[in-house]
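What follows is a set of notes on a single structure, which appears directly below.
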Amino acid sequence: MSDPAWQWCTRVNPKNRLKVKCNYCKQIISGGISCFKHHIAGTHSDVAACNGSQEIPLPAYVKHQCQELLDAVKANRIEKDMEDAEEGYGDPNELEESEVTPVATSSARLILKWINLYAIVSSHTFYSLVFRERCVPKAAIQPNNIK
1184 MSDPAWQWCT RVNPKNRLKV KCNYCKQIIS GGISCFKHHI AGTHSDVAAC
1234 NGSQEIPLPA YVKHQCQELL DAVKANRIEK DMEDAEEGYG DPNELEESEV
1284 TPVATSSARL ILKWINLYAI VSSHTFYSLV FRERCVPKAA IQPNNIK
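For what it's worth, this note's numbering labels the leading residue of the sequence shown as 1184, then goes sequentially.
Right, dumping it as structure tokens:
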């Protein structure tokens, strides 16, 4: 229970961490703390967004913190994928003396390496553009504020 989001929910069954109850709207969420963060942030189509209740409204800072936690997880995943892509499949042209690889296999490996690298870089570029757009205040990018 080291995730900060546990402070905004309770386990339905103390032995089952995959079913949690929202402290704001009292809805039971299946899927654990990750789905609960999507519930609070309102960012996933498989989980209903939290609107709070009349007694306990959902504070804006809680929604913002859950979004930041989800963004951090996504950024870590992208970073790990990029590190994995840098390691790649090895250079297919560098063969050990005892290893013999057919040309077709080494070409296929090289093609797969470039396809994986392109997919990771493309998703990272898209994510960074979306992340910057959401994090930069709109007033900061208005033409009258540029000097």
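All residues carry an ideal CB built from backbone N, CA and C; glycine is no exception.
Exposed or buried, Ser1281, counting other C-beta atoms within 10 Å across all chains shown (16 or more means buried)? For Ser1281, the predicted model reports a pLDDT of 49, less than 50, meaning its position is unreliable; a value from the coordinates is still stated below. Classification for Ser1281: exposed.
Can you say whether Leu1383 is buried or exposed, counting buried as having 16 or more other CB atoms within 10 angstroms of its CB? Past the edges of the chain, shown from 1184 to 1330, lies residue 1383, and the structure says nothing about it.
Pick from Ile1212, Ser1217, Asp1229, His1222 that is closest to Asn1196, judged by C-alpha positions: Ile1212
Going straight from the alpha carbon of Phe1219 to that of Val1203, what length do you get? 7 Å
In chain order, what residues of the same chain lie with their CB nearer than 6 Å to the CB of Ala1232, ignoring the 5 residues before and after it? Gly1225
Beta-carbon within less than 8 Å of Pro1187's beta-carbon, same chain only, minus the 5 sequence neighbours each way: which residues are those? Gln1248, Leu1252
Exposed unless 16 or more other CB atoms sit within 10 angstroms - verdict on Ile1167: A query on residue 1167 cannot be resolved here, the shown segment of the chain reaching from 1184 to 1330 and no further.
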